[in-house]
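In my numbering, the protein residues as written are 1068 to 1496. Virtual Cβ for every residue (Gly too), placed ideally from N, Cα, C. To start, the structure itself, in structure tokens.
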């Protein structure tokens, strides 16, 4: 008989253990203002969020079915909540349960409130049920604009809200209202623009309407708890940065002057004025360099090099016997430069370069490839040469940033972590 009792106990024990919440798993409920999908009438939906120990999964249960973007909002909300609280999202699972009595337009406009609820669940904070919020959540924690604010405010007032939070700049809402006028047997339907001061509308009904531009302020309004902002102080241009930028800026100045002299020797007579116009740009780059503004100097030199190459290459094109062959050879030259830039970026990754520098190099490399592709479809030789010149200099700038990324080294970030975060942000774009 004892053995017969043991079997059900062993079966139940894993279930009980799996249901044991982590210290941050207390559920948190907030109201989400929305509008009927069939007409502009406000409705409140109930959101319950809880967090458990897990592996980074996000679960969404809606009744009735919500739009797919509600799932995206839940995932982004969990990401932002973890970012601002310093929580590892891969160590938790997030559960979002949304119930409504009516089909609603759901999704992005609920993002900010969903983020607040997630933060409260992570931190075991209590939320004020008299606070209601509408607004999208952006990856940097800022609040994005939404629609239907007057209808959402009205339904929040009817359910006893004392504070209504809205995105920044939406205190005045202009909407298109359909006006129906009947004169005897004829009916006239027209659209009129109507502006509503939502803050005054709320005050007249006993509700404080506040514009919120950062999710941390929303968390404070709901919970009374502050999440500190990380404020960067000190010199942005570090000594290591200046030591690396200075020789690059100087080298670019020298290259620009050399390119000018080379172009001057081959310039077509019809392009001499365009060449002369680059002299002030070179002087401006020198002045920036002398003032210690190395990045500005490099930027000016970059733009000047594009123009000088365009003038020189177009002059040679006009003088060439086989113009198609000339453009083909020029394209190969640019392709080789892009290949060199790809190698430089790959080496910077292997040397554990600074992430921001590698990112800057990769973005410039992508632009170089894009301009090279555009050049193959350009309608005129001048356009082709301009795009090739741009691609050439953009590829060269990718190599500069790859070099800068290795100044002072950096902390290695796993490739799979970067891939996962990039994928999550891409899914929200």
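Here residue 1323 is not near residue 1277, since their CB atoms are 8 Å or more apart. When C-alpha distances from residue 1296 are compared across 1209, 1411 and 1138, the shortest belongs to 1209. The beta carbon of residue 1334 sits closer than 8 Å to those of 1342, 1378, 1379 and 1382, all from its chain and outside the five residues before and after it, given in chain order. Residue 1346 and residue 1156 have their C-alpha atoms some 54 Å from each other.
Counting along the chain, the unbroken alpha helix (DSSP H) around residue 1352 starts and ends at 1345–1357. Among the bridge pairs identified by DSSP, residue 1113 is matched with 1098 and 1166. As summarised for the segment 1182–1267, the continuous alpha helix (DSSP H) elements at least 4 residues long and confined to that stretch are 1216–1225, given in chain order. In this structure, residue 1102 sits near residue 1215, with a CB-CB distance shorter than 8 Å. A straight-line Cα-Cα distance of about 14 Å links residue 1358 and residue 1367. Close CB contacts of residue 1256 within its chain, under the 6 Å cut and outside five residues either way in sequence, are with 1247 (chain order). The C-alpha of residue 1149 lies about 41 Å from the C-alpha of residue 1457. Closest in C-alpha terms to residue 1234, from the list 1265, 1252 and 1251, comes 1265. Assigned with DSSP and collapsed to three states, residue 1125 falls in strand.
The beta carbons of residue 1463 and residue 1434 sit about 12 Å from each other, so the pair does not count as a contact at 8 Å.
Apart from the 5 residues on each side of it in sequence, residue 1164 sits with its Cβ closer than 6 Å to the Cβ of 1115 and 1128 in its chain, given in chain order. Just measuring C-alpha positions, the residue of 1361, 1329 and 1330 sitting nearest residue 1315 is 1361.
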